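In what follows, a structure is listed as structure tokens, so that the remarks can point back to it.
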């Protein structure tokens, strides 16, 4: 019964153009800790923090965007971009810091998997920092495996892939 109660308290829906500003605000809050200092003492800014409303509106128009609400306010969001036949990229997966560690990310991810199954997707991949052990454990718990590592964005990140069954 708890799951039904949670779904009523935190409804999930597709994002719309009207959500763009709220999604941008969520990204700013949720990705704030991704900004790091590299070995040359230069600040590294995650691309999620650099996107503007136009980027978000384009994703809303061209990709699957899901949002999770609390009291009609967007508290979590993710985007699913089809990158090849039956393969999607999970990007901008964010939960507002005030709502983290309450199972909302898992709840939203479960909705995303259901949506991907309806799209006949076979694989879901994402890129994520390898510096955050908690995040690594979260993705492993969702069934992702890290296939390769790079530093193309200025920090160590992994390519994570999950098979959708």
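In UniProt numbering, the protein residues as written are 1 to 165. All C-beta atoms, glycine included, are put in the ideal place defined by N, C-alpha and C. This structure is a prediction, so every number in the text was calculated from the model and none was measured.
Mind checking who residue 75 pairs with in its DSSP beta bridge?
The partner list for residue 75 (beta bridge, DSSP) is empty, contrary to what the question assumes.
Taking Cβ positions, are residue 146 and residue 126 nearer each other than 8 Å?
no
So what's residue 105 in DSSP terms, helix, strand or just coil?
helix
I want to know whether the segment 110-122 touches the segment 45-60 - three or more CB-CB distances under 8 Å.
With the cut-off at 8 Å, the segment 110-122 and the segment 45-60 do not touch.
Quick check: residue 138 and residue 103, are their CB atoms within less than 8 Å of each other?
no
Per-residue burial, residue 92 [other beta carbons within 10 Å of its own, 16 or more giving buried]:
buried
Simplified DSSP state of residue 62, which is helix, strand or coil
helix
What are the boundary residues of the alpha helix (DSSP H) that residue 140 is part of?
133-141
Would you mind reading off the limits of the beta strand (DSSP E) that contains residue 166?
There is simply no residue 166 to check, as the chain begins at 1 and stops at 165 in what is shown.
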